[in-house]
Amino acid sequence: MVFPQSLEALASDQLGIFVRKMICISTYLRACVAKRREDIIRQFGPDPLYQDARQLEALGREDQAREHAEEALKRLMEQPSLRALEYADEVETFFLNVVLPNAPIPVYPPVSS
């Protein structure tokens, strides 16, 4: 399918935005998962039988979201289709509404100048 130049540029910009978002989300969640694991080991020891169930549930949620972000990024890089952009948007929405409010690493809004 051939796009007019302006639509092609817009699609490219949109793709670039989503790729950057997915990289940021994936990187952030990787750090969250690592921090959550460190906290669990520090609090309960390395034996998983003694780990707190709520902590493990949160860890699983963050790890699953990280996998979704990486999958969305992979789809965007392999085939930058409209469906891939929609999937990336779904991942971003899930991240912002479900994962981020309960994540162990605080995220502050950017400072406006």
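Residue numbers (numbering that gives the first Met the number 0): 0 to 112. By construction, the Cβ of each residue, glycine as well, lies at the ideal position given by its N, Cα and C atoms. In this text, all values refer to a predicted model and were calculated from it rather than measured experimentally.
Length of the line joining the Cα atoms of residue 15 and residue 30: The sequence position of residue 15 within the sequence shown is 16, counting from 1. The sequence position of residue 30 within the sequence shown is 31, counting from 1. Using only the alpha carbons, I get a separation of about 23 Å.
Same chain, Cβ closer than 6 Å to residue 21, neighbours up to 5 away in sequence not counted: For the purposes of this step, residue 21 is taken as the residue at position 22 of the sequence shown. Excluding sequence neighbours, residue 21 sits near 68, 71, 72, 87.
Same chain only: Cβ atoms within 8 Å of residue 76, ignoring 5 sequence neighbours per side: Position 77 of the sequence shown holds residue 76. Non-local beta-carbon contacts of residue 76 in its own chain, meaning distances under 8 Å to residues more than five positions away in sequence, involve 18 in chain order.
Euclidean distance between Cα positions of residue 85 and residue 25: As a working note, residue 85 is residue 86 in the sequence shown. As a working note, residue 25 is residue 26 in the sequence shown. Their backbone Cα atoms lie some 17 Å apart in a straight line.
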